[in-house]
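K.L.:
Numbering (this note's numbering), first residue to last: 23 to 136. Below: one structure in structure tokens.
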Amino acid sequence: MDIKTFVFKTINLFTDTIGLLLFGNVVYLTIKYKDLHTLCHVLLGLYSLSHACSKVVLLPNYILYVLQSTIPTYICVLIVLIPGTLMMGVFTFMVSIGIDRMLGICFPFWLALS
């Protein structure tokens, strides 16, 4: 195990853990408070949930790197595939939030009525 790679992977895991906590906080607050149930806030919550899944993907890889062990292929597929499919929504939610905000700027009275 190279010390330089270990340090970089540890720093990456630390920053991703902070991101996971912050994205999880956005999801929790969006669900908890009824004032945050507008379309834009729900899209931001889903966007944060997708990003949180992208942060979770790195944890098993780091653990396997530190332990220097191997796992069966089907477990590896499940570890990567399930959060990976949830991560695919990141770009979709980003575009949806952008379109929602653009419509809010172009048609402010129409958005206020709905």
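Ideal Cβ placement from N, Cα and C applies to all residues, glycine included.
1. Near V49, what residues of its chain come up, given a Cβ to Cβ distance below 8 Å and the 5 sequence neighbours on each side ignored?
2. Might you give, ordered along the chain, the residues of its own chain that have their beta carbon closer than 6 Å to the beta carbon of G41, omitting 5 neighbours on each side?
3. Taking contact to mean 3 or more Cβ pairs, one atom from each stretch, closer than 8 Å, check whether the region 92-108 and the region 120-134 are in contact.
4. Spatial neighbours of V79 within its chain, please: CB distance less than 8 Å, with the 5 preceding and 5 following residues excluded, ordered by chain position.
5. Please classify T39 as buried or exposed, where buried requires at least 16 neighbouring CB atoms within 10 angstroms.
6. By the three-class DSSP mapping on this structure, what secondary structure does M110 have?
7. Given a cut-off of 8 Å on the beta-carbon distance, is the pair I119 and C62 in contact?
P.N.:
The relevant details are as follows:
1. G67, S70, L71 and A74
2. The answer, listed in chain order, is K77.
3. no
4. I101, V102, P105, G106 and M109
5. exposed
6. coil
7. yes
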